[in-house]
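Q: Numbering (my numbering), first residue to last: 127 to 206. Ideal Cβ positions, reconstructed from N, Cα and C, are used throughout, including at glycine. Note that the coordinates shown come from a computational prediction; the quantities given were computed from them, not determined experimentally.
1. Residue 172 by DSSP, collapsed to three states: which one?
2. Rounded to a whole number of angstroms, what is the C-alpha to C-alpha distance between residue 145 and residue 169?
3. For a quick check, are the C-beta atoms of residue 139 and residue 174 less than 9 Å apart?
4. Verify whether the separation of the beta carbon atoms of residue 161 and residue 153 is less than 9 Å.
5. Quick check on this structure: which residue in 192, 184, 196 has the alpha carbon closest to the alpha carbon of residue 131?
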């Protein structure tokens, strides 16, 4: 999430696409609603534009929303 925030401020599309490439398997395996479309939108972008900005903002919102749930699951099921 920190890397996404950093790239959103820097507006460096190439670095953002590298981060998205690393995140893609995890995000897709979680089947997070809307994330697949946002990843595809960022991958297809040739410049930082309104659509890229909105996609990054949605991904950050999604990750911030699920982070406490994932942490709770780790605490609950981490020792199994």
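A: The structure says:
1. In the chain shown, counting from the first residue as 1, residue 172 sits at position 46. It is coil, neither helix nor strand.
2. Taking the first residue of the chain shown as position 1, residue 145 is located at position 19. Taking the first residue of the chain shown as position 1, residue 169 is located at position 43. Between the alpha carbons of residue 145 and residue 169 lies a distance of about 10 Å.
3. The count along the chain shown starts at 1 and reaches residue 139 at position 13. The count along the chain shown starts at 1 and reaches residue 174 at position 48. At the C-beta level, residue 139 and residue 174 come within 9 Å of one another.
4. For the purposes of this step, residue 161 is taken as residue 35 along the chain shown, with counting starting at 1. For the purposes of this step, residue 153 is taken as residue 27 along the chain shown, with counting starting at 1. With a cutoff of 9 Å on beta-carbon distance, residue 161 and residue 153 are scored as near each other.
5. Start at 1 with the first residue of the chain shown, and residue 131 comes out as number 5. Nearest neighbour of residue 131 by Cα position, chosen from 192, 184, 196, turns out to be 184.
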